[in-house]
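What follows is a single structure, written as structure tokens, with notes after it.
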Amino acid sequence: MKKRIYTMIMGFALFALFVVVPGRASATDINVSLDNEKIKFDENPVLEDGTTLVQFRPIFEKLGLSIKWDGNKLEVTGTKSNLEIKLTIGEKFAFVNGEKRN
1 MKKRIYTMIM
11 GFALFALFVV
21 VPGRASATDI
31 NVSLDNEKIK
41 FDENPVLEDG
51 TTLVQFRPIF
61 EKLGLSIKWD
71 GNKLEVTGTK
81 SNLEIKLTIG
91 EKFAFVNGEK
101 RN
């Protein structure tokens, strides 16, 4: 009888260890606005190690930029007549009209 109770307790404990509860990076929602209009994203912005990560396509589109993706360089470029913005995945800076910006 003791062995059976011990087995049940251990089984429950092991089960409890593997139960995954979904979590969030932040208790509050992250909102991004441009010209006082909230931008809607396909994937919600997330907070990771103190950095907010967002999709740039909706932002570039809101700015009226044409978008080009270079999969080899992992770089996205948004352009219109007098503006060019280049962002590279993993970098902490961007190039705006050829000038490096943090």
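Start counting the sequence shown at 1; every next residue gets the next number (our numbering). From the three backbone atoms N, C-alpha and C, an ideal C-beta is built for every residue, glycine too.
query = Where does Val60 land, buried or exposed, given buried means 16+ other C-beta within 10 angstroms?
reply = Position 60 of the sequence shown holds residue 60. For the record, residue 60 in the displayed sequence is Phe; it is not Val. So Phe60 ends up on the buried side.
task = Compute the distance between the beta-carbons of Ile67 and Val54, then report whether it is under 8 Å.
result = As a working note, residue 67 is residue 67 in the sequence shown. As a working note, residue 54 is residue 54 in the sequence shown. No Cβ-Cβ contact shorter than 8 Å links Ile67 with Val54.
request  = For Asp91, name the three-state secondary structure that DSSP assigns.
outcome  = On the sequence shown, residue 91 is found 91 positions in, with the first residue counted as 1. Sequence inspection shows Glu at residue 91; the Asp mentioned does not correspond to that position. In the structure shown, Glu91 adopts coil according to DSSP, grouped into three states.
task = Please report the residue range of the alpha helix (DSSP H) in which Glu61 lies.
result = Reading the sequence shown from its first residue, position 61 is the one you call residue 61. Under the DSSP assignment, Glu61 falls in the alpha helix (DSSP H) whose first and last residues are 57-62.
task = Give every residue of the same chain whose Cβ lies closer than 7 Å to the Cβ of Val21, excluding the five residues on either side of it in the sequence, and list them in chain order.
result = Translated into the one-based positions of the sequence shown, residue 21 becomes position 21. Residue placement at Val21 cannot be trusted, given a pLDDT of 46 that sits under 50; the coordinates are not used to answer.
key: Distance between Phe41 and Leu87 (C-alpha atoms, nearest Å)   = Taking the sequence shown and counting its residues from 1, one reaches residue 87 at position 87. Taking the sequence shown and counting its residues from 1, one reaches residue 41 at position 41. Going by the C-alpha atoms only, they are around 18 Å apart.
task = Tell whether a beta-carbon distance below 8 Å holds between Gly64 and Lys80.
result = To locate residue 64, count along the sequence shown from 1; it is residue 64. To locate residue 80, count along the sequence shown from 1; it is residue 80. Cβ atoms of Gly64 and Lys80: closer than 8 Å.
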